[in-house]
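Participant: The listed protein sequences correspond, in order, to chains A, B and C.
Residue numbering for the first sequence follows this note's numbering, beginning at 1 and increasing consecutively.
Residue numbering for the second sequence follows this note's numbering, beginning at 1001 and increasing consecutively.
Residue numbering for the third sequence follows this note's numbering, beginning at 2001 and increasing consecutively.
A single structure is presented below for examination.
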Amino acid sequence: MVERIDELSQRYGLQVDPTAPVWRLSIGERQKVEVLKLLLADAQILILDEPTRSLAPHEVEGLFRVFANLRRDGYAVVFITHKLPEVLACADRITVMRRGRVAGTLAGSEATESGLVSLMFGGGGIESPHRGGKTPREGVQPLLELRQVSTRAQGEATGLQEVNLTVLPGEIVGVAGVSGNGQRELGDVILGLERCARGTKYLWGQDATHWSVARIRASGVAFIPEDPLGMAVVAGMTVQENMALADTRKYARQGGLSMDWAAVREDLERSLKRLGFTIPSLDLRVGTLSGGNIQRVVLAREMARNPRLILAFYPTRGLDVRSAVAARELLVASRDAGAGVLLISEDLGELFSLIDLLVVLFRGRIVGTSKPQEITVNKVGYLMTGSRGGTWVE
Amino acid sequence: MIGSFWAGLLSGSVHAGTPLLYATLGEAIEERAGIVNLGLEGVMLMGAVVGFSTTVQTGNAAVGVLAAALTGGVFNLIFGFLVITRQANQLASGLALMFCGVGLSALVGAPYIGSRIKGLNEVRIPLLSDLPLVGATFFHYDILVYLVVPLSILVWWVLFYTRWGLILRAVGENPTAAFAAGKDPHRVQYQALFIAGMLGGIAGAHLSLALAKTWAEWMTAGRGFIAVALVIFSKWHPLRAIAGALLFGGAIAFQLQMQARGVPVSPFLLDMLPYLLSLAVLAVWGGARRHAAPASLGRVFQGTE
Amino acid sequence: MGRIRELVRGLRTSRNGGMSGFFRFVGLFGLAFGVFAVVLLIFGKNPLKAYADIFSSTLGSAYGFSEVLVKMIPLILTAVAVAVPSRIWLINVGGEGQLYVGALFATWGALTCSNLPAWILLPWMFLLGFIGGGLWASISGVLRAKGWASETISTLLLNYVAILLVNFFVFGPWKDSESANYPQTAAFVHAAILPAFGGTRLHLGFAFAFLALILFHFVLSRTRWGLEIRAIGGNAEAARRNGIPTTRYIVLLMFIGGGVAGLAGMSEVSGIQGQLRPSLSPGYGFAGFLISWMAGGNPLGIAAAAFLLAIIASGGDILQMAHGLPGSVVNILMALILFVVLARRGWKVGGK
Chain A
1 MVERIDELSQ RYGLQVDPTA PVWRLSIGER QKVEVLKLLL ADAQILILDE PTRSLAPHEV
61 EGLFRVFANL RRDGYAVVFI THKLPEVLAC ADRITVMRRG RVAGTLAGSE ATESGLVSLM
121 FGGGGIESPH RGGKTPREGV QPLLELRQVS TRAQGEATGL QEVNLTVLPG EIVGVAGVSG
181 NGQRELGDVI LGLERCARGT KYLWGQDATH WSVARIRASG VAFIPEDPLG MAVVAGMTVQ
241 ENMALADTRK YARQGGLSMD WAAVREDLER SLKRLGFTIP SLDLRVGTLS GGNIQRVVLA
301 REMARNPRLI LAFYPTRGLD VRSAVAAREL LVASRDAGAG VLLISEDLGE LFSLIDLLVV
361 LFRGRIVGTS KPQEITVNKV GYLMTGSRGG TWVE
Chain B
1001 MIGSFWAGLL SGSVHAGTPL LYATLGEAIE ERAGIVNLGL EGVMLMGAVV GFSTTVQTGN
1061 AAVGVLAAAL TGGVFNLIFG FLVITRQANQ LASGLALMFC GVGLSALVGA PYIGSRIKGL
1121 NEVRIPLLSD LPLVGATFFH YDILVYLVVP LSILVWWVLF YTRWGLILRA VGENPTAAFA
1181 AGKDPHRVQY QALFIAGMLG GIAGAHLSLA LAKTWAEWMT AGRGFIAVAL VIFSKWHPLR
1241 AIAGALLFGG AIAFQLQMQA RGVPVSPFLL DMLPYLLSLA VLAVWGGARR HAAPASLGRV
1301 FQGTE
Chain C
2001 MGRIRELVRG LRTSRNGGMS GFFRFVGLFG LAFGVFAVVL LIFGKNPLKA YADIFSSTLG
2061 SAYGFSEVLV KMIPLILTAV AVAVPSRIWL INVGGEGQLY VGALFATWGA LTCSNLPAWI
2121 LLPWMFLLGF IGGGLWASIS GVLRAKGWAS ETISTLLLNY VAILLVNFFV FGPWKDSESA
2181 NYPQTAAFVH AAILPAFGGT RLHLGFAFAF LALILFHFVL SRTRWGLEIR AIGGNAEAAR
2241 RNGIPTTRYI VLLMFIGGGV AGLAGMSEVS GIQGQLRPSL SPGYGFAGFL ISWMAGGNPL
2301 GIAAAAFLLA IIASGGDILQ MAHGLPGSVV NILMALILFV VLARRGWKVG GK
């Protein structure tokens, strides 16, 4: 066994100490272990999914050398990534996928960054924002302000690094980025679930760095998560009960001894009507509803409290066209009424049509800030994928 | 004489720590395979009672120990059936096993309550046993004490240097991965449980045949749970378990020494020492140690199993 | 009437799968009893006579029946002690220890305030019992809330510490000087004894048990805190994100659970024994765990299972006296019942 490992290591440049326990190895070394495992099992095709996510540049180069060696010996490698420079550096053939479909295939020699970005994000045809840029950014008390906020990365997740972010009343700030670059952590830190390792957080002008989740929510922050079933509702409880969860204090009577379900229903029905959503019954267990309906319930619940700051994560995911439009109009209406919205979405079209300010998140850092009229989709795509060294070029 | 206090404490630690170590080794093997057995207490009791009664019937303590080991192994398989084949909740199943062990051992042991036997004889090692102070302290034990440390080393070697041990540990970390690699996690787990049951049975037998040389209902008095804490304390490592068992055996022996010297501290307060120590160990190191646990095990304690 | 309907509906939609589940349940019991009969046979006892004796001594007379109810008191209370924390998936196996510490605190009250009238002394002992058990359990609660130790193990270990603590007091400072050989405290004054009904031993503690069940159901289904607790139990992540303070509830529910077990201790020492002895509890704490798990934490189920186990426990007395078996042999029957219940694949007793 050890001999075979040695032989393969030499041949393909996968030097790693076979006796070291895996937890002691760096990610790059673990990667090598994975590849070796596959080779030892006599695989002919190797599929690597986002292998360079946590690799340092020199380790990435090492990986490419391994690919070259494998290719030389007739192995096939399928390399899945969203990092354009890497793909351009080593691929013979590039297939671009978008929304579950193949958007196009290019030969490696013919591909260019801009060509790939157009395939990935749909190129032109994004309408210019039809609302926005109305509110002046000077002299107004921000609803949310993050100053140099950093969080500690847990395991494989991304920690935020020195994030500066401001949301003013009456504006929609859009956060663009590939999923997994810190969006979840951003939401958690604003909501109070995650502590700021460094930096301060201000809500409504007050230092909210150490506020509890309950306090933050009660002060007017709404949260529409990316996974409503897992993160916002309790599947085993009814729609009505879930409505009450958002603000149990409000609906409690007699010091908490009973709940005013009539008021809960009333608020929920009013909110659903305003949004134009219909739910089959308020007494159904949320777990039995479709994904879209669950999202609707969450939207209705959060908006019922007339929040001042809305954190919306992929809010229209899973919704049919009409409901998606209604949800978007809702966000805009809230904005017009003076609330602030932080909209996280992967859908650049949606972002561009709604937002007043765009921020791009990459690896936990804000790598670009701009008004939507002053930037092109392609440029956003570059920033999202870390191309051009991540520097913001006007 | 201060010297004799320490000597007495040390030898008491070794003596009392031996059943703890056997039990801990057994539990460590199980947990390495991803299974927590809170019913270890019941397994030990079954071993104690069967060992005792067999020795009384046959007059041969070695046969008693063997019978205890076999009983423990089989008894643990009941638990195995519940948690492996039926995928039942491990914590509840373990406690059910404990109840069963308590009741069944009381039933089997009823006619023997209070009888005293010669039990396991001391084994004299030529030359070493005759050394003045050291001999009296270290070389007047029964065979099970002498065997326990080599056994720990054997368990360590098996876990880390044999193929079977590797598969076992893989199952405890990530049974799906082990399965994907073509191993049958269930078979390995059953084997681990049987072995652990045998060790638990031996632990119980040592209690009734060597330490107390009698039978009393529920005579393990929570040692099975102390063993579970010890496993965490020793980071699931058989060699570190030796140190842990010595420490906890010392806590148990401490009370005896204090009593022998007529120190006016209530024996009950002293008796609390091993349990409080276990608790302290868990509190101080439990959080950190949790990361050293076999991955599949952690989910049991978080209730996401 | 509506309340009863709700409870029954709860049973139907409880985690145990409804009415057909109930009949399956009965069948499983039959299996357990059958195996126990075999065990009895192996040890030379006549199982039919044993079961007949159990039946006649428990249900065959008014006094026998009252004895069953007497045993139900601590069983229901210790079961609630497990059920309350189990709502947020905490496993409390320390009912035994919490019971003893509750009894300890109540005994202190009885011994130090022996000149108070009953209507002050008894409520005071009640309070002490609750606080004692509650504090004992919250040690484990805090350890768990901070992420330092699993409450399963810490409650288990603390059981032994509690019993030793009681032993310490009973053999030491509180030892009754009159009964030189028996380890027990002085007998309580009359004011410290819970009154009993109609010539039986059925004491006021029954009201505690009944109250505990009703409050448990009421709080969980109607109040704001019940809603939050159910949310944590249903999806702790979502509950946190909605601002529900999960760590606070961990400590709180352990405290309440321990407190109820402490009440079991207080009611046993005050209503039955009249003085504190180390043999106060023949394993009520563990039996409570069994009951709560079988019943899936449902109040009606707890009452039913407690009834069954009270019969079995009374049976233990008969088996001991008439058939010469050790009292703890009923543990085998209890274990068998738990085995068959656990072995049913897909039956989520008490949840996960």
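A virtual CB, placed ideally from N, CA and C, is assigned to each residue, including glycine.
From the DSSP output, in three-state form, read off R2222/C for me.
Facilitator: In this structure, R2222/C counts as helix in the three-state DSSP scheme.
Participant: Quick check: what's the CA-CA separation for T166/A versus A2239/C?
Facilitator: C-alpha separation (whole angstroms): 27 Å.
Participant: Using a cut-off of 8 Å between C-beta atoms, extract the partners of E2067/C located in chain A.
Facilitator: Those do not exist, as E2067/C stays about 37 Å from chain A at its closest Cβ, beyond 8 Å.
Participant: Nearest by alpha-carbon distance to Y202/A: which of L143/A, R93/A and E110/A is it?
Facilitator: Answer by Cα proximity: L143/A.
Participant: In chain C, which residues lie with their C-beta within 9 Å of the C-beta of A1283/B?
Facilitator: What A1283/B touches in chain C: L2143, K2146, W2148, A2149 and S2154.
Participant: DSSP three-state label for E329/A, please.
Facilitator: Residue state, collapsed to three classes: helix.
Participant: Between the alpha carbons of M2294/C and L2215/C, how many angstroms are there, rounded?
Facilitator: Looking at the two C-alpha atoms, the distance is approximately 20 Å.
Participant: Measure the alpha-carbon distance for M120/A versus V77/A and round it to whole angstroms.
Facilitator: Approximately 21 Å between the Cα atoms of the pair.
Participant: In chain B, which residues lie less than 8 Å from F2023/C when you measure between Cβ atoms?
Facilitator: Residues of chain B passing the Cβ test: none, with the nearest at roughly 20 Å.
Participant: 8 Å is my cut-off, CB to CB: does Y1190/B come that close to chain C?
Facilitator: No, no contact with chain C.
Participant: I'd like to know whether the C-beta atoms of N2331/C and G1039/B end up nearer to each other than 8 Å.
Facilitator: Taking 8 Å as the Cβ cut-off, N2331/C and G1039/B do not qualify as a contacting pair.
Participant: Rounded to whole angstroms, what's the CA-CA distance from A2335/C to T2155/C? Just pull it up for me.
Facilitator: Their Cα atoms are separated by approximately 20 Å.
Participant: Using a Cβ cut-off of 8 Å (strictly closer), state whether S271/A contacts chain C.
Facilitator: With 8 Å as the cut-off, S271/A does not count as an interface residue toward chain C.
Participant: Rounding to the nearest angstrom, what Cα-Cα distance links D6/A and N2242/C in this structure?
Facilitator: Distance between the alpha carbons of D6/A and N2242/C: 54 Å.
Participant: Can the beta-carbon of A2079/C be found closer than 8 Å to that of I2229/C?
Facilitator: It is not a contact, given that the beta carbons lie outside the stated cut-off.
Participant: What does the Cβ neighbour count give for G1064/B, buried or exposed, with the cut at 16 atoms within 10 Å?
Facilitator: With 16 or more Cβ atoms within 10 Å of its Cβ, G1064/B is classed as buried.
Participant: What does the alpha-carbon distance come out to for the pair A1196/B and S1278/B?
Facilitator: Each residue's Cα considered, the two are about 21 Å apart.
Participant: Helix, strand or coil for L160/A, going by three-state DSSP, please let me know.
Facilitator: Coil at L160/A, not helix or strand.
Participant: Just to confirm, is the Cβ distance from M2321/C to G2102/C under 8 Å?
Facilitator: Not a contact, by the Cβ cut-off of 8 Å.
Participant: On a CA-only basis, which of S2086/C, P2183/C, E2178/C and A2192/C is nearest F2368/C? Give me that one, please.
Facilitator: This structure leaves residue 2368/C out entirely; chain C is present only between 2001 and 2352.
Participant: Below 8 Å, how does it come out for the segment 1037 to 1057 of chain B and the segment 1208 to 1221 of chain B: are there three or more Cβ pairs, yes or no?
Facilitator: Touching, per the Cβ criterion.
Participant: Rounded to whole angstroms, what's the CA-CA distance from L343/A to L383/A? Just pull it up for me.
Facilitator: Their backbone Cα atoms lie some 18 Å apart in a straight line.
Participant: Starting from the C-beta of I2091/C, find all residues in its chain whose C-beta is less than 7 Å away, skip the five residues before and the five after it, and write them out in chain order.
Facilitator: Cβ within range, chain order: E2151 and T2152.
Participant: With 8 Å as the limit, tell me which residues of the segment 222 to 234 of chain A have their beta carbon closer than that to any beta carbon of chain C; keep them in chain order.
Facilitator: Residues F223, P225, G230, M231, A232, V233 and V234.
Participant: Give the secondary structure of F362/A by DSSP, where H, G and I count as helix, E and B as strand, and everything else as coil.
Facilitator: Looking at F362/A - three-state DSSP - the assignment turns out to be strand.
Participant: Under a three-way DSSP split, which group does H130/A fall into?
Facilitator: Bear in mind that a pLDDT of 44 at H130/A, under 50, signals an unreliable position, so the model cannot answer this.
Participant: Between I1167/B and T1055/B, what straight-line distance do the alpha-carbon atoms span, to the nearest angstrom?
Facilitator: The straight-line gap from Cα to Cα measures roughly 37 Å.
Participant: Please look up how many angstroms separate the CB atoms of V22/A and K32/A, rounded, as I've assumed it's under 8 Å.
Facilitator: Not quite, the Cβ-Cβ distance comes to about 11 Å (not below 8 Å), so this is no contact.
Participant: From the DSSP output, in three-state form, read off Y202/A for me.
Facilitator: Three-state DSSP puts Y202/A in a strand.
Participant: Going by beta carbon distance, what residues of the same chain come within less than 7 Å of A2050/C, once the five residues before and after it are set aside?
Facilitator: Result list for A2050/C: L2040, L2319 and H2323, in chain order.
Participant: If V140/A and L168/A are in contact, beta carbons under 8 Å, what's the gap, nearest whole angstrom?
Facilitator: Yes, they are in contact, since the Cβ atoms of V140/A and L168/A sit about 5 Å apart, within 8 Å.
Participant: Applying a beta-carbon distance threshold of less than 9 Å, which residues of chain C neighbour M1272/B?
Facilitator: Chain C residues near M1272/B: Y2160, V2161, L2164, L2165 and F2168.
Participant: For K273/A, verify whether its CB is less than 7 Å away from any heavy atom of the ligand MG.
Facilitator: No copy of the ligand MG occurs in the structure displayed, which carries no ligand at all.
Participant: Nearest to F2218/C by CA position, among T2185/C, V2084/C, V2038/C and A2032/C, is which residue?
Facilitator: Out of T2185/C, V2084/C, V2038/C and A2032/C, V2084/C has the C-alpha closest to the C-alpha of F2218/C.
Participant: For W1236/B, count the other beta carbons within 10 Å of its own beta carbon; 16 or more makes it buried, fewer makes it exposed. Which is it?
Facilitator: With 16 or more other Cβ atoms within 10 Å, it is buried.
Participant: In angstroms, rounded to a whole number, what distance separates the CA positions of S128/A and S353/A?
Facilitator: With a pLDDT of 39 at S128/A, under the threshold of 50, the predicted position of this residue should be treated as unreliable, though the coordinate-derived value follows. Rounded to whole angstroms, S128/A to S353/A spans 7 Å at the Cα level.
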